[in-house]
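Comments concern the structure below.
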Amino acid sequence: MTNSLNDMQMSKAIIIFGANPAVCHPVGFQHFLKAKENGAKIIVVDPRFTHTAAKAHYYAQIRPGTDIAFIYGMLHLIFKNGWEDKEFIRDRVYDMESIKEEALKWTPEVVENVTGVKKETLIEITEVYAKNRPGSLVWAMGLTQHTIGSSNTRIAPILQLALGNMGVEGGGTNILRGHDNVQGATDMGCLADSLPGYYGLAEGSWRWFAKNWKVDFEWLQSRFYSPEWMHKKGFTLARWWAGVLNGKDGNDKTHNSNGDSLKALVVIGNGITSIAQQVKVKEALDKLELLVLSDPFVNEAAVITDKKDNVFLLPAATQYENSGSVVATNRSTQWRYQVVEPLFECMKDQDLLFELAKRLGFYDELTRSMQDENGNFTWPEDATREIARIMKTIGLTGVTPERIKKHTDNWDKFDHKTLMGFGECEGEYYGLPWPCWSEEHPGSPNLYDISKSFMEGGMGFRNRFGLEHNGVNQLAAYGSAPKDGSINEGYPEITKANIEEVLGITLTEEEKDKMGANWKVDNSGIILKKCIEHGIVPYGNARARARVWQFVDQIPLHREPLHSQRHDLAEKYPSFDDKPNHWRVDTKYKSLQLEKNYSKEFPINLVTARLVNMNGAGMENRASAHLARLTPEMFCDINPELAAKYAIKDGDMIWVHSPEGTKIKVKARFTHSVSKDMVFLPFHFTGIMQGVDMSGNFPDGTRPYAIGESANTVTNYGYDIVTQIPETKGGLCRIEKA
Ligand SMILES: Nc1nc2c(c(=O)[nH]1)N[C@H]1C(S)=C(S)[C@@H](COP(=O)(O)OP(=O)(O)OC[C@H]3O[C@@H](n4cnc5c(=O)[nH]c(N)nc54)[C@H](O)[C@@H]3O)O[C@H]1N2
Ligand SMILES: Nc1nc2c(c(=O)[nH]1)N[C@H]1C(S)=C(S)[C@@H](COP(=O)(O)OP(=O)(O)OC[C@H]3O[C@@H](n4cnc5c(=O)[nH]c(N)nc54)[C@H](O)[C@@H]3O)O[C@H]1N2
Ligand SMILES: [Mo]
Numbered sequence: 001m002t003n004s005l006n007d008m009q010m011s012k013a014i015i016i017f018g019a020n021p022a023v024c025h026p027v028g029f030q031h032f033l034k035a036k037e038n039g040a041k042i043i044v045v046d047p048r049f050t051h052t053a054a055k056a057h058y059y060a061q062i063r064p065g066t067d068i069a070f071i072y073g074m075l076h077l078i079f080k081n082g083w084e085d086k087e088f089i090r091d092r093v094y095d096m097e098s099i100k101e102e103a104l105k106w107t108p109e110v111v112e113n114v115t116g117v118k119k120e121t122l123i124e125i126t127e128v129y130a131k132n133r134p135g136s137l138v139w140a141m142g143l144t145q146h147t148i149g150s151s152n153t154r155i156a157p158i159l160q161l162a163l164g165n166m167g168v169e170g171g172g173t174n175i176l177r178g179h180d181n182v183q184g185a186t187d188m189g190c191l192a193d194s195l196p197g198y199y200g201l202a203e204g205s206w207r208w209f210a211k212n213w214k215v216d217f218e219w220l221q222s223r224f225y226s227p228e229w230m231h232k233k234g235f236t237l238a239r240w241w242a243g244v245l246n247g248k249d250g251n252d253k254t255h256n257s258n259g260d261s262l263k264a265l266v267v268i269g270n271g272i273t274s275i276a277q278q279v280k281v282k283e284a285l286d287k288l289e290l291l292v293l294s295d296p297f298v299n300e301a302a303v304i305t306d307k308k309d310n311v312f313l314l315p316a317a318t319q320y321e322n323s324g325s326v327v328a329t330n331r332s333t334q335w336r337y338q339v340v341e342p343l344f345e346c347m348k349d350q351d352l353l354f355e356l357a358k359r360l361g362f363y364d365e366l367t368r369s370m371q372d373e374n375g376n377f378t379w380p381e382d383a384t385r386e387i388a389r390i391m392k393t394i395g396l397t398g399v400t401p402e403r404i405k406k407h408t409d410n411w412d413k414f415d416h417k418t419l420m421g422f423g424e425c426e427g428e429y430y431g432l433p434w435p436c437w438s439e440e441h442p443g444s445p446n447l448y449d450i451s452k453s454f455m456e457g458g459m460g461f462r463n464r465f466g467l468e469h470n471g472v473n474q475l476a477a478y479g480s481a482p483k484d485g486s487i488n489e490g491y492p493e494i495t496k497a498n499i500e501e502v503l504g505i506t507l508t509e510e511e512k513d514k515m516g517a518n519w520k521v522d523n524s525g526i527i528l529k530k531c532i533e534h535g536i537v538p539y540g541n542a543r544a545r546a547r548v549w550q551f552v553d554q555i556p557l558h559r560e561p562l563h564s565q566r567h568d569l570a571e572k573y574p575s576f577d578d579k580p581n582h583w584r585v586d587t588k589y590k591s592l593q594l595e596k597n598y599s600k601e602f603p604i605n606l607v608t609a610r611l612v613n614m615n616g617a618g619m620e621n622r623a624s625a626h627l628a629r630l631t632p633e634m635f636c637d638i639n640p641e642l643a644a645k646y647a648i649k650d651g652d653m654i655w656v657h658s659p660e661g662t663k664i665k666v667k668a669r670f671t672h673s674v675s676k677d678m679v680f681l682p683f684h685f686t687g688i689m690q691g692v693d694m695s696g697n698f699p700d701g702t703r704p705y706a707i708g709e710s711a712n713t714v715t716n717y718g719y720d721i722v723t724q725i726p727e728t729k730g731g732l733c734r735i736e737k738a
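The UniProt record's numbering numbers the first residue of the sequence shown as 1 and each following residue consecutively.
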């Protein structure tokens, strides 16, 4: 999220692609409603007429998986009418020309054919959005959970760049994060391809962490199967099960160390039944040698497996029984105080992990960087200090426990729109939204805003990809730099090698001696200090790139979902070539998509999403009598006209079949919020699989008030080409009366 929920109150228009904040972010949605009261135009693009759409001025019912076509359609009209921000593009963007060229193809007629949205609607929405600036662009899972999810998340910012809606109040790309602290969890490196703070897996990053963790690099390396495995991406949550099945019985081939299968699974706070391909997930659970589930509730991974031995349920404490820093969707950190001592025999997550480290024999190495000379440390404050010390990449240097606690304790002393503090919090933004470069820095409410100085939270775009590409300069143009800096144009990220030249200074020998190779690995803090003196952001001042030359699609391109109702379009806009060793798993794209016309047998679009009373896998909520009562049974939303074709009545039980040959039995619920060629399934249920009730597997007295079939039993095969997120928002199914 470049800006914040609060900041949306300053938008003149808000366009929402594939997000339903009225249901999924009902508290944050108040900011949208305030913006509406202030006169902002609200636009929703979603295949379903959602609660959010009900509050919007304009609505486009898009065919799932066609947002790229829709946005190119908008860009087509923007360029045709000269509505683009020419100065912004000239000074701060690389290769908008290629986008313009692609957009030429996407006339309103072509867009209507691909997306199903009437050309008049596209034209109306584009004009309203272009003429009401600043505009805020919002998205969430409706854009990401597709084979082209990563391209979706590139075309949306490109639209904002074209309109000059980046780096301004009321603008930005505002991605609504999911779980509580999911932003913080990501920042901390809960990812299979990076270390905390998005440091990569190259040797330099590992050495930076080894030094700061006070352990030998060689010791870290010795923990791996062999040295080279230290630098390889891991399996993702989406496909851990493929690692267990290991290419057998027609499953995708995997590339694990020594060709081994995964044997153990440890889960800390994930539902597992929220993953696509549940029948495969069950198969893998059954085959594991060890399954450890650490959760305040009975993790239903233990219920859907027939495995009876070596399944351990660890009673984890909840957030109310724990404390520490958490990061909100807008990069603001807050302190969470403990409310009660852990109840009964449950333990805090970190205590469970400390205990595990002790038994595995590396507790000292795990905690060494926090320890004082007597081997003591204070949790969680010392962990937060360690984060500030190491994670320079995203600018957590200034985020100390003392500052966060002060903000949390005084949260009434911050402006609701700008996040700026007053009274004793004057001069700081609530929660020090990162980057917060030093203990004197106020945090950065809006990313890439050059109207502010470095020490007011201003910055240009990051220089991460070199100084030139194809002979074109990647740095921002003259006159386009954060206010009041000593350089009024683009500049490279600051390194030991270039600092003297870029800042026009001469270092002493002592400074050179102490300084790290670049700003990201400089424990001395000298690079940052010099940058502050010159008003220069250490990560440089570059152009935002519309072309990503390392990706298969260098500019975002529309590609049909693997299972598409429009097989004619799949031939015209085919998916990617199959991708070997994609996060260790061979992954199918084009070969599956073009194998046959699935839509003949499976003519109905399948969309899965959320309910307001349930969260994720739903264990917490279905264990609450009050929440379960609102949706006591798993159901399928269906348009009465579609239902009539199959002689299905409201409340009838139906089978939903997937192209994988799997099926679920659910109750039909009539609604006009879905179109006549689509059904909708919430994904918060489990406990019944393909008609088989497995709830006998719950330990005595723990069966939730509601159980049901999991939508993920019938979500189709398909994974994003970069991130491997499952395509749970694009797919086909067939229905019949049960
Ligand atoms: N009550 C509740 N709140 C939650 C959660 C929860 O489980 N329950 N989960 C939290 C989490 S983890 C997350 S990630 C967020 C998710 O928040 P959202 O992304 O808002 O949630 P979803 O309901 O999954 O999907 C949003 C919308 O995407 C639409 N959609 C599907 N396919 C497409 C498409 O191809 N294009 C477009 N434009 N739209 C499409 C769906 O119809 C749906 O209305 O919510 C968070 N908040
Ligand atoms: N079909 C379909 N599938 C989807 C999606 C979709 O839109 N459609 N959305 C996907 C998305 S975006 C997400 S984020 C996932 C969400 O799916 P999950 O991550 O499975 O969601 P939750 O049910 O919130 O799981 C969190 C678990 O953590 C436990 N927990 C809560 N607090 C603590 C704690 O302090 N410590 C520990 N150890 N455990 C705790 C809860 O009891 C719960 O069991 O689902 C994904 N799956
Ligand atoms: Mo999520």
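Glycine is no exception: its CB is placed at the ideal position from the N, C-alpha and C atoms.
All figures in this text were calculated on a predicted structure; none of them were measured in a lab.
Identify whether residue 58 lies in helix, strand or coil by the three-state DSSP scheme. strand
So within the segment 454-513, which uninterrupted alpha helix (DSSP H) runs reach at least 4 residues, ignoring any that extend past its ends? 499-503
Helix, strand or coil for residue 586 per DSSP? strand
Alpha helix (DSSP H) containing residue 152: first to last residue? 149-162
Only counting the same chain, and skipping five residues up and downstream in sequence, which positions put a Cβ closer than 7 Å to that of residue 416? 6
Hey, quick one: how far does the beta strand (DSSP E) through residue 22 stretch, first residue to last? No beta strand (DSSP E) contains residue 22, which is instead part of the alpha helix (DSSP H) from 21-24.
Sorry if obvious, but does the Cβ on residue 176 come closer than 7 Å to a heavy atom of ligand 1? yes
Closer than 7 Å to a non-hydrogen atom of ligand 2 - does that hold for the CB of residue 271? yes
Can you give the beta carbon distance from residue 213 to residue 369, rounded, assuming they're within the 8 Å contact cut? 5 Å
Given the structure, does residue 274 come close to ligand 2, in the sense that its CB is under 7 Å from one of the ligand's heavy atoms? yes
Return the first residue and the last residue of the alpha helix (DSSP H) that residue 184 is part of. 182-187
Find the nearest neighbour of residue 316 within the set 332, 350, 283, judged by alpha-carbon distance. 350
Using C-beta distances below 7 Å, list every residue in its chain close to residue 336, excluding the 5 sequence neighbours before and after it, in chain order. 319, 323, 324, 326
Need the endpoints of the beta strand (DSSP E) that residue 669 sits in, please. 663-670
Backbone CA spacing between residue 338 and residue 24 [nearest angstrom]: 26 Å
Excluding the five sequence neighbours on either side, which residues of its own chain have a C-beta within less than 6 Å of the C-beta of residue 42, listed in chain order? 14, 36, 56, 57
Can you tell me where the alpha helix (DSSP H) with residue 531 in it begins and where it stops? 526-534
Start and end of the beta strand (DSSP E) containing residue 221? Taken as a continuous stretch (DSSP letters only), residue 221 belongs to no beta strand (DSSP E), being part of the alpha helix (DSSP H) at 217-222.
Should residue 505 go down as buried or exposed, given a rule of 16 or more other Cβ atoms within 10 Å for buried? exposed
Sheet register partners of residue 541 (DSSP bridge): 491
Three or more beta-carbon pairs under 8 Å between the segment 82-97 and the segment 472-481, yes or no? yes
Buried or exposed, going by whether 16 or more other CB atoms sit within 10 Å of the CB of residue 9? buried
Would you say residue 641 and residue 665 are within 8 Å of each other, going by their C-beta atoms? no
Kindly give me the distance between the Cβ atoms of residue 266 and residue 699, rounded to whole angstroms, as I take these residues to be in contact under 8 Å. Not really, about 19 Å apart at Cβ, beyond 8 Å.
Run through DSSP, which three-state label would residue 334 get? strand
How about residue 430 and residue 332: do their beta carbons lie closer than 8 Å? yes
According to DSSP, which residues form a beta bridge with residue 286? Residue 286 pairs with nothing; no bridge assigned.
Residue 680 and residue 709: beta carbons closer than 8 Å? no
Can you give the Cα-Cα distance for residue 621 and residue 702, rounded to whole angstroms? 13 Å
I want to check one thing, is the minimum distance from the CB of residue 25 to the heavy atoms of ligand 3 below 7 Å? no
When you compare only the Cα positions, how much space is there between residue 719 and residue 548? 20 Å
Give the single residue among 31, 634, 726 whose Cα lies nearest to the Cα of residue 691. 634
Nonlocal neighbours in the same chain, by C-beta distance under 6 Å from residue 17, ignoring five residues either side: 45, 67, 139, 143
Residue 62: CB within 7 Å of a non-hydrogen atom of ligand 1: yes
So what's residue 697 in DSSP terms, helix, strand or just coil? helix
So is the beta-carbon of residue 319 under 7 Å away from any non-hydrogen atom of ligand 2? yes
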